[in-house]
Amino acid sequence: MQNEQKPHHVILATHSNLKYKESLPVHWGAKNPLSRAPVVASQTDTTKRNAIGTHSGSYTVYRALSVASGKFSPLHKPDLNNTESPVKIGPYDSWFDPLKIVSIDPWGLDPLVNFKPLFDQGYDIRPTIAVTQARLQIPEIYQAIEKGRLKPDGKIILQNGDIKITKVALDPVWYLPGIAKRLGVEEGDLRRTLFQETGGMYPELITRPDLKVWLPPIGSSTAYIFGNPQDLSNPNIELTCRVHDECNGSDVFGSDICTCRPYLMWGIEHAAETAQKGGVGIIIYYRKEGRALGEVTKFLVYNARKRQEGGDSAATYFQRTECVAGVEDARFQEFMPDPLHFFGIKKIHNLHSMSNMKYNAIVGSGIEVVNRISIPDELIPPDAQVEMEAKKAAGYFTVDGAKSKEELTKVKGRDIEEKK
Ligand SMILES: [Zn+2]
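Using our numbering, you'd call the opening residue of the sequence shown number 11 and step up by one each time.
Here's what the structure looks like:
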């Protein structure tokens, strides 16, 4: 380990003659992977880097801790043998439009296949997308089978109730000109704000405008596919899709203040059922906890909602978030369709989402949506009625209509149980 340490002096990447000398220029959207060039953000040979930041999203900090504590060699190169995807995905036309996919790198899947000659030249290229297979064991699915809503078929749903799926992990890789364009801001202003608001984490955002790709230290996304992943790109095959933003409290712990887990499970049930009928299903899970404001903010908002005069009511749902966080929502659904385009999706027959922000982003990105599916009333926990009615009144999609202002004040959540 000791002889594998890097030199202790620090070379700032802001001097183009000292770093990135031998790097490959990235032509985002180019048709051929070799002319597009891989994103090289590994740290083992800094002269070859062509991107700002490094791999693994938020986990990059844990990697640094492992190196700092002497448990991990900074010069370790992954052995990628046998790590490739069990199913071929793409390339699709959407990969060749530089503005269609801007927040992930489609060629980050199986670089050993796409960039073999460059590996042979010693480039340390890391995957930013990985695909594997698994089986889901979910209590709600076992219940759906018991109640006769789902039937095991031995192919998609096994006799014991497990569901066979393919899952795809997608790390963030941002093409900054495309990110700026989606937000409708100048790239220079975006780069300056990212630099300033992260406390100056990435000086190259300012000093190296020639580097267009940044790997931000944020959460990743995961897609769960029911049926054949290659069918996702065929608009003639029925596709059921849910785009779900992380809610750890509900998704994992079953917390009853919102509808996240019930809606997610309903999506999984319908996705599996669609695959059983010869269609295909996909659930995409985005690590954007608490509307990308974070869990600390979210819990503060819960308390503020429950303690406000008149108690927690649907009429003041969004207001309380904005008072605490300064903004109602920071998820930027503009980027959400990128994974859909990675899979070549052109048409969604059943979209499980009531959010107009999500619907508009998907349709605006050129994907056709046939049916919008809202959560059935019987799946909504009583304390989550506040969230549901507030969202409907704010214009979320609903088949049975939103409540009036007067009615909204009557939709109340449980009081906080204080101990002083
Ligand atoms: Zn939730």
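For every residue, glycine included, the Cβ atom is placed at its ideal position computed from N, Cα and C.
May I ask you to list the residues that DSSP assigns as paired with residue i?
i	result
residue 141	178
residue 254	295
residue 422	323
residue 231	180 and 296
residue 379	358
residue 173	146 and 167
residue 123	According to DSSP, which records beta bridges pairwise, residue 123 is partnered with nothing at all.
residue 185	223
residue 249	290
residue 236	291
Could you check which residue in the options has the C-alpha nearest to that of residue i?
i	options	result
residue 155	227, 278 and 322	278
residue 415	424, 404, 90 and 408	404
residue 357	60, 290 and 296	290
residue 411	148, 402, 419 and 417	402
residue 59	77, 34, 42 and 303	34
residue 220	159, 62, 408 and 413	62
residue 257	305, 229, 233 and 275	305
residue 159	282, 82 and 236	282
residue 408	387, 286, 423 and 56	387
residue 342	371, 359, 327 and 354	371
residue 377	360, 384 and 383	360
residue 147	132, 167, 133 and 121	167
residue 244	395, 380, 355 and 18	355
residue 83	204, 379, 54 and 101	54
residue 99	330, 216, 373 and 239	239
residue 143	173, 120, 43 and 123	173
residue 224	201, 327 and 209	201
residue 287	298, 249, 264 and 117	249
Excluding sequence positions up to five away, which residues of its chain have a Cβ less than 7 Å from the Cβ of residue i?
i	result
residue 39	106, 107 and 108
residue 390	269, 272 and 398
residue 339	301
residue 426	313, 316 and 317
residue 37	45, 46 and 47
residue 332	338
residue 365	406
residue 307	300, 334 and 335
residue 111	104, 105, 348, 351 and 352
residue 241	247 and 290
residue 237	166, 285, 289, 290 and 291
residue 13	For residue 13, the predicted structure reports a pLDDT of 46, less than 50, and the residue's modelled location is therefore unreliable. A value from the coordinates is still provided. If we look at residue 13 and ignore the five residues flanking it on each side, it has no Cβ neighbours.
residue 261	270, 271 and 274
Take residue i and list the residues in its own chain whose beta-carbon comes closer than 8 Å to its own, dropping the five residues that flank it on each side.
i	result
residue 114	138, 139, 180, 181, 182, 183, 231, 348, 349 and 352
residue 419	320, 323, 324 and 325
residue 88	136
So, for residue i: in the same chain, excluding its five sequence neighbours on each side, which residues have a beta-carbon less than 6 Å away from its beta-carbon?
i	result
residue 252	277, 293 and 362
residue 266	391 and 393
residue 70	64 and 227
residue 169	162
residue 345	113
residue 178	141 and 233
residue 52	134 and 136
residue 423	322, 393 and 396
residue 189	112
Any heavy atom of ligand 2 closer than 7 Å to the Cβ of residue i?
i	result
residue 149	Here the bound small molecules are ligand 1; ligand 2 is not part of this structure.
Any chance you could list the alpha helix (DSSP H) runs of at least 4 consecutive residues sitting entirely within the stretch 327 to 373, in chain order? Runs of the alpha helix (DSSP H) inside the stretch 327 to 373: 327 to 335 and 348 to 352.
By C-beta, the residues closer than 5 Å to any heavy atom of ligand 1, given in chain order: Chain-ordered list of matching residues: 257, 260, 268 and 270.
My parser needs the beta strand (DSSP E) runs of 3 or more residues fully inside the stretch 39 to 118; what are they? Counting only runs of 3 or more, we get nothing.
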